[in-house]
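One structure is given below, encoded as C-alpha cells.
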Amino acid sequence: MGTARRRFGVLAGGDDYPGLNGVIRAAVLRGAQAHEADFVGFVDGWRGVLDVQTIELGWRAVRGAAAAPGTVLGASPHSDAVAPPDLDALVAGVRMSNLDGLLMVGGEQTMSVAESLSRAGVPVLAVPTSVENALGCTEQALGFDTVVGVGAEAMSRLRAVGDAQQRCVVAEVIGRDAGWIALYAALAASADVVLIPEWPQTSEQIRERLGITARRGHLVVVAEGFALAAESSQEEGAGRRLRQIIESHTGVEPLVSGLAPVQRGAAPTAADRVLAAQLGYAAADALVRGRHGAMATVAGHDVRLSTLEERGRSRSVSLEQYRRFQSLLG
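Position one of the sequence shown corresponds to residue 4 (the numbering used here), numbered consecutively onward.
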C-alpha cells in the first residue's frame, strides 16, 4: 500500500498585487512534480480560513496564471486586510482543513500572523511580498517592478492631458506606509514634485515647493499614505487634499487621478514573473521538507531561507534618499 500524498494549503493574506499568481503556480507545480504533494488554496484570504473554504490547486487551476493579473484565490475583503481575524479562529480553521503545512504569502501584517501561527504549532512557510518594497527582510519586493512601470506610464499620459487642458496633474499611487513606489515612478515619469508618507509637510510647505510647478502640464506624484503635517484630520485622501491646496494656490483646479487600482490590477512584468517563480519554487521545497517557521526571501540575486523571527523592521525612505530623488525631479 502506497504512502498517502501530503496536502498543503496556500493563504494569500491582505491585498492582491502583481506576481502573486506566479508564486502560487510555481509552488503547486514544484510540489506536485518533485514531491508528489497536493495543494489547496484558501478562498478570499483570511475569510477562507475562517469558513474553511478552499479550492483544489492542480495543474489546470494554475495553468497560465503566472502572467495573469489579480489572484486566482481572491483577496481579503478590505476590513479583513486592514485587521485580520482572531488568531485562535485562524488556528482552528487551518486545523479543520487537515493540512500538512501552510504556505502564507503577503506583506508585513501577513508575516506577523504567520509568526503567531507558527508559535501556535501550525507548520508555516512564508513568502514576504510587500509591493511597497517596505519589508526589511527581503531585498526585492514582488510586484514592485510592475507597479512602478504602470504608474510611470499612466503619469506620462496624464501629463499630456494636463498640458492640453493647461492644468497641473496630481497622480496618487500605492504607498500607505512607504514612499518607494512614488519615488521611483516619479523619477521614471520626470515628475516635478513627489510627496511620501515618511516625510509629512504642511500646506504652506507644499505651496512653497510647488512654486511655478502648479502650471500647465506639471506633475505632482503623491503616495496614498502622505499626510499633511499639523492637521488632525486626514480622512479625505492625499489626492483630494492636494487638489484643494493647488486650486487655492493657482485658482485652477488640478487634474487628480488615483492610480492604485490600475497598478494593483496590472499583469506582472517579466522580471516579476521570474521572481515569483523563484520564490514559489523555493517555498514549495522548504515547506515539503519541513522547514517550518521560515521565510523564502531575496538576497541579491538569490532566494534564501530565514526564520520568521528575522522579519526585521520596515524599510523606510530616509531624508537623504528623499532629497536625492527630489533633486532629480523638475
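Built from N, CA and C at the ideal position, the CB exists for glycine as well.
Computed from a predicted structure; not experimentally measured.
With burial defined as no fewer than 16 other Cβ atoms inside 10 Å of the residue's Cβ, what is the status of residue i: buried or exposed?
i       : result
Asp-54  : exposed
Arg-162 : buried
Trp-183 : buried
Pro-21  : buried
Asp-148 : buried
Gln-247 : exposed
Asp-91  : exposed
Met-99  : exposed
Asp-195 : buried
Pro-200 : buried
Trp-49  : buried
Gln-281 : buried
Ala-37  : exposed
Whose C-beta lies closer than 8 angstroms to the C-beta of residue i among residues of the same chain, with five residues either side of it excluded?
i       : result
Asn-101 : Arg-10
Leu-120 : Leu-90, Leu-93, Val-94, Val-97, Leu-105, Met-107, Val-127
Ser-260 : Ala-157, Leu-161, Val-172, Val-173, Ala-174, Glu-175, Gly-242
Please name the residue in the options whose C-alpha comes closest to that of residue i.
i       : options                            : result
Val-224 : Gly-268, Glu-175, Leu-120          : Glu-175
Asp-305 : Gly-296, Gly-293, Ala-279          : Ala-279
Val-189 : Glu-201, Pro-200, Met-158, Glu-207 : Residue 189 is actually Ala in this sequence, not Val. Considering only alpha carbons, the answer is Met-158.
Gly-12  : Gln-112, Val-46, Val-255, Gly-214  : Val-46
Leu-322 : Ala-285, Ala-274, Gly-261, Val-197 : Val-197
Leu-213 : Thr-57, Leu-32, Gln-329, Gly-296   : Gln-329
Leu-118 : Leu-331, Arg-316, Thr-310, Arg-63  : Strictly speaking, residue 118 in this sequence is Glu, with Leu absent from that position. Taking only the C-alpha atoms, the option nearest Glu-118 is Thr-310.
Leu-105 : Gly-333, Glu-312, Asp-288          : Asp-288
Gly-110 : Leu-145, Val-125, Val-97, Gly-96   : Leu-145
Ala-181 : Ser-317, Arg-292, Asp-41, Asp-103  : Ser-317
Gly-152 : Trp-202, Ala-123, Ala-185, Leu-138 : Ala-185
Asp-41  : Ala-7, Thr-113, Ile-249            : Ala-7
Val-26  : Gln-112, Thr-113, Val-52, Pro-131  : Pro-131
Ala-302 : Gln-143, Ala-241, Ala-191          : Gln-143
Gly-296 : Asn-136, Val-125, Leu-245          : Val-125
Arg-66  : Ala-30, Glu-39, Glu-211            : Ala-30
Leu-332 : Ala-191, Met-298, Leu-290          : Ala-191
Taking the straight line between their C-alpha atoms, what separation do you get for residue i and residue j?
i       : j       : result
Phe-229 : Ala-35  : 44 angstroms
Arg-314 : Ser-115 : 8 angstroms
Val-134 : Ala-68  : 18 angstroms
Arg-28  : Glu-227 : 31 angstroms
Val-150 : Tyr-187 : 10 angstroms
Gly-178 : Gln-204 : 16 angstroms
Arg-326 : Val-320 : 10 angstroms
Gly-254 : Glu-207 : 16 angstroms
Ser-251 : Arg-243 : 13 angstroms
Glu-312 : Ala-273 : 31 angstroms
Ile-58  : Arg-160 : 40 angstroms
Leu-231 : Val-52  : 38 angstroms
Ile-209 : Ile-249 : 9 angstroms
Gly-139 : Pro-264 : 25 angstroms
Leu-222 : Ala-64  : 42 angstroms
Gly-240 : Ala-167 : 26 angstroms
Ala-286 : Ser-193 : 38 angstroms
Gly-283 : Arg-122 : 23 angstroms
Leu-245 : Glu-156 : 21 angstroms
Assuming residue i and residue j make a contact with CB atoms under 8 angstroms, what is their CB distance in whole Å?
i       : j       : result
Ala-276 : Asp-19  : Looking at the sequence itself, residue 276 is Arg, so the reference to Ala does not match. That belief does not hold up - the Cβ atoms of Arg-276 and Asp-19 are roughly 16 angstroms apart, past 8 angstroms.
Leu-60  : Val-43  : 6 angstroms
Gly-17  : Thr-113 : 5 angstroms
Within the same chain, show all residues whose beta-carbon is closer than 7 angstroms to that of residue i, passing over the 5 residues directly before and after it, in chain order.
i       : result
Arg-294 : Leu-128, Leu-308
Pro-72  : Pro-21, Gly-268, Ala-269, Ala-270
Thr-74  : Ala-15, Asp-19, Leu-23, Asn-24
Ser-82  : Reliability of the predicted coordinates at Ser-82 is poor, the pLDDT of 48 falling under 50, and the value obtained from them is presented with this limitation in mind. Contacts found: none.
Leu-290 : Phe-11, Gly-104, Leu-106, Leu-128
Glu-39  : Arg-8
Could you pull out every residue in the same chain whose Cβ sits closer than 6 angstroms to the Cβ of residue i, ignoring the five residues on either side in sequence?
i       : result
Leu-258 : Gly-165, Arg-170, Val-172
Gly-154 : Val-176, Ala-188, Leu-262, Gln-266
Gly-77  : Val-46, Asp-47
Indicate whether at least one CB of chain C lies closer than 8 angstroms to the CB of residue i.
i       : result
Val-127 : This model lacks chain C altogether, as it is built from one protein chain only.
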